[in-house]
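Asks:
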Amino acid sequence: MLAPSLNSALESVSSESVNVTPRSEYTVHLGSDTLGDRRAQRIKASKSFRHPGYSTQTHVNDLMLVKLNSQARLSSMVKKVRLPSRCEPPGTTCTVSGWGTTTSPDVTFPSDLMCVDVKLISPQDCTKVYKDLLENSMLCAGIPDSKKNACNGDSGGPLVCRGTLQGLVSWGTFPCGQPNDPGVYTQVCKFTKWINDTMKKHR
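Last residue of the sequence shown? That's 203 in full-length UniProt numbering, and every number before it is there in order.
1) With DSSP run on the structure shown, which of helix, strand or coil describes LEU133?
2) Mind checking VAL107: buried by the 16 CB within 10 Å criterion, or exposed?
3) Under the rule that 16 or more other beta-carbon atoms within 10 Å means buried, what is LEU168, buried or exposed?
4) Classify VAL13 as helix, strand or coil using the three-state DSSP reduction.
5) Can you find at least 3 beta carbon pairs, one from the segment 125–136 and one from the segment 101–116, that sit closer than 8 Å?
6) Quick one: what does DSSP say THR102 is sitting in, helix, strand or coil?
7) Mind checking GLU88: buried by the 16 CB within 10 Å criterion, or exposed?
8) Tell me which residues share the same chain as LEU68 and place their Cβ nearer than 8 Å to its Cβ, disregarding the 5 neighbours each side in the sequence.
9) Are the beta-carbon atoms of THR198 and PRO84 separated by less than 7 Å?
10) Could you tell me the alpha carbon to alpha carbon distance between THR92 and PHE191, rounded to whole angstroms?
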């Protein structure tokens with residue numbers, strides 16, 4: 001994450017962030033914005049559910065759900081994020097967070113969770129940058145003329161807009177943080193039915 005550090009704690013996942021065959025051998029850390037914090041809840045996953053249409057080549061449908069072995073304890077540092085009931089329009093200010101590198105192309109991974117505010121970019125403007133690489137289920141966000149953006153290691157990180165989970169960090173240019181090259185996200189509002197159906201089926 002090429003951004004200043006802010007206090008925040010959110011957990012999310014994309015298929016790209018895992019980049020292996022779906023399995024249950026994950027441990028989810030909750031309730032900390034610093035690596036190694038002993039106060040964090042550590043809960044093993046029992047199952048994971050990758051979207052059946054995910055493509056490693058195009059990053060389309062870059063989304064995975066992880067079922068926890070036990071219920072998380074809600075607190076001031078562990079809160080639920082709402083699924084969207086609608087897609088937010090271009091120009092909306094959102095916050096993206098993650099543990100990715102703060103430098104690129106060299107990598108420097110932070111010990112603190114990093115966050116930055118970005119604006120949603122219209123599909124038309126984003127297509128000017130990424131041409132036919134952009135799919136209908138993808139969302140672009142960034143800050144014009146700024147180097148602040150998601151980067152390597154942020155994949156799966158949440159993009160939260162007005163209290164709802166609108167995106168998951170998926171891909172972008174390399175090196176990261178090129179001015180006017182927006183980050184590309186899975187557009188969560190396009191997947192709410194699949195999310196709800198999968199959660200209901202595997203309760």
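Heads up, the beta-carbon is just placed ideally off N, CA and C, and yes, glycines get one too. In this text, all values refer to a predicted model and were calculated from it rather than measured experimentally.
Replies: Per the coordinate set shown:
1) helix
2) exposed
3) buried
4) Since pLDDT at VAL13 reaches only 49, below the 50 mark, its modelled position is unreliable, and the value read off the structure follows with that caveat. Here VAL13 sits in coil by DSSP.
5) no
6) coil
7) buried
8) VAL28, ILE43, LYS44, ALA45, SER46
9) no
10) 20 Å
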